[in-house]
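Numbering (this note's numbering), first residue to last: 10 to 628.
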């Protein structure tokens, strides 16, 4: 780790924080920040390799960045990508202001909810909030109105990032050295920066024609879709069909080609890839069973937690599975916990401070360990899916708000506790992007480049803070300039209302802890234990327990076919034999990079032309 790699990583982290809100809120193009695969980091790494790095190797070889330096920069960019939009910054500005701006005489939020929200964590000045949604219009910028909540949330973000990094430090050796997990996302970055023979100006991957064949497949096909939005008369390419049926309660499976998931899934062991799509298809008749025989069980547990009878059952089953998974992960890494005692103390300390900060908003002290603990369980389970199963974008069926309400009910939370639980959706609500996944991948590339864990951890923490600072500056500037109401409606119309609509409903209809929730969590835990036992007892057992855990999230309706396709291709390649597997990995690496790069290129084109909403799907 060199000074220039830290400096460049810091510059790019700040730049990501400044740019991603513009692309997400204003241009509304390809969402380079809306995936824990961190498309923005891959796009910038590609530009560095074919631009400045190529020129330096050609003109001043001694000045060129080494592979280790590139990996440091990439690791910092990965964690920086998570922060500005969906991962933290977007919900922060939306949810801390929406309760004031969208208060009406009908919903009575101004009287029922707003007075009970923490003074520390929300903006209280109505004029500053109005400026954010409607623009400045010649008035004076009320910077002081934002100071207190932004200081509070910056401190909370630092504690959260410290907790996440510490957790990954505790599991780092077990996952990387003992279990040798694949880390498909990190494998692509490692292949990109691999150095060739002395004097080579391009890395070996970029000199391989098979890579460029894979690269061109999504580049050409997705460019057709992007051009179609400019010129509708041109043909578009779309592989997406929904299997329509009349079976009640059963969702319609989607047959969709997702280049990113097909690419990453190819790196995964065959049994796990098979289980991901098999358990999803197996779950479909279960929806009918749950919906038919448990129709009185509604389980409305808030935004981003599955609802309805079948949805709530799957959410609790998945949470039970996650609890079992985390217990087994802790047991497997128990010896490393003592070797990493400083990380353990840091983890417990920062998690404890998070509990104190949540308590300071009004949530009962005895509830805060449930909130923080469930968040860590969910993050760690999703990260395991990313590291082992290659699911670069995955969401849980239950988030900490839903879990807490299911376990203790709203009556024990009290009015103030219930209301301020809504603020947890800022950092643990929509988990399409979450910090722990990129942190895990960063530790993997750091391990491969022999970066000291402490130095790597501090660099990641710096990138989180810089990205957040950049996102705060540009979000306030952008909203004051054009008004949040003229930006992405999800961030400035949907998200601002979501927590408070749910809280308002539960205030009118309070509930206790859910006995059925405990029952279905126990069922999920038992199934996870059984599958884990069988998979370890019999080497030939065809089902992987992670496939069962993943089935509950709604995004599997979109991704299952991609896993099926990758599994089928890999099985065919293995059957053919020879050197086909190595060549196929290069091809699929090209597919992944091609999709992420073409998404970034069209985002730049859209920014130049003024096109809005021209989106290439990267998840």
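Note that the Cβ used here is the ideal one computed from N, Cα and C, for glycine as well.
Boundaries for residue 388: no beta strand (DSSP E) harbours it, while the alpha helix (DSSP H) harbouring it runs 377-398, taken from the DSSP string.
Residue environment analysis places residue 196 among the buried positions, since at least 16 neighbouring C-beta atoms fall within 10 angstroms of its C-beta. Residue 235 is positioned such that its CB atom lies closer than 9 Å to that of residue 625. Membership of residue 251 in the beta strand (DSSP E) is indicated by the continuous run 249-251. Short of 7 Å from the beta carbon of residue 213, and not among the five residues preceding or following it, lie these beta carbons of its own chain, in chain order: 203, 205.
Among the bridge pairs identified by DSSP, residue 414 is matched with none. Residue burial annotation: residue 539 is exposed, with fewer than 16 other C-beta atoms found within 10 angstroms of its C-beta.
Apart from the 5 residues on each side of it in sequence, residue 418 sits with its Cβ closer than 8 Å to the Cβ of 519, 520, 521, 522, 523 in its chain, given in chain order. In the DSSP assignment, residue 263 falls outside any alpha helix (DSSP H) and lies within the beta strand (DSSP E) extending over 263-265. In the displayed model, residue 521 falls within a strand according to three-state DSSP. Following the DSSP letters along the chain, one finds residue 122 in no alpha helix (DSSP H), marked with neither H nor E.
If you draw a 10 Å sphere on the C-beta of residue 404, you find 16 or more other C-beta atoms in it, and that means buried.
Residue nearest to residue 316 within the set 331, 300, 330, 329 is 300 (criterion: CA-CA distance). Secondary structure within the segment 501-587: the alpha helix (DSSP H) runs of 4 or more consecutive residues, fully enclosed, are 507-517, 524-546, 554-559, 565-585 (chain order). Each of 481, 377, 444 was checked against the Cα of residue 401, and the nearest Cα belongs to 444.
Around the Cβ of residue 153, a 10 Å sphere holds fewer than 16 other Cβ atoms; the residue is exposed.
Counting along the chain, the unbroken alpha helix (DSSP H) around residue 140 starts and ends at 135-143. Distance from the CA atom of residue 617 to the CA atom of residue 101, rounded to whole angstroms, is 29 Å. If you check the CB distance, residue 41 and residue 612 come in under 9 Å. Contact between residue 83 and residue 330 is ruled out by a C-beta separation of about 32 Å, above the 8 Å threshold. Residue environment: residue 161 is assigned as buried (16 or more neighbouring CB atoms within 10 Å of its CB, all protein chains considered).
The beta carbon of residue 464 sits closer than 7 Å to those of 10, all from its chain and outside the five residues before and after it, given in chain order. Taking C-beta atoms as the reference points, residue 198 and residue 394 fail to come closer than 9 Å. The beta carbons of residue 268 and residue 601 sit closer together than 9 Å. Of all C-beta pairs linking the segment 22-37 to the segment 369-387, fewer than three are shorter than 8 Å, placing the two stretches out of contact.
A straight line joining the alpha-carbon of residue 362 with that of residue 460 spans about 28 Å.
Comparing alpha-carbon positions, the option among 193, 158, 65, 179 lying closest to residue 597 turns out to be 193. Around residue 168, the same chain offers 359, 362, 363 as residues with beta carbons nearer than 6 Å, after the five sequence neighbours per side are excluded. Assigned with DSSP and collapsed to three states, residue 363 falls in helix. In terms of Cβ geometry, residue 506 and residue 142 do not form a close pair [threshold 9 Å].
Within the same chain, 315, 323, 324, 327, 561, 562 come within 6 Å of residue 406 by CB-CB distance, once the 5 residues on both sides are set aside. In the three-state scheme derived from DSSP, where H, G and I count as helix and E and B as strand, residue 408 is classed as coil. Of the candidates 475, 108, 416, 416 places its Cα closest to the Cα of residue 525. As for any beta strand (DSSP E) of minimum length 3 sitting wholly inside the segment 300-358, there is none. Of all C-beta pairs linking the segment 430-438 to the segment 507-518, three or more are shorter than 8 Å, placing the two stretches in contact. In this structure, the CA atom of residue 59 is about 29 Å from the CA atom of residue 483.
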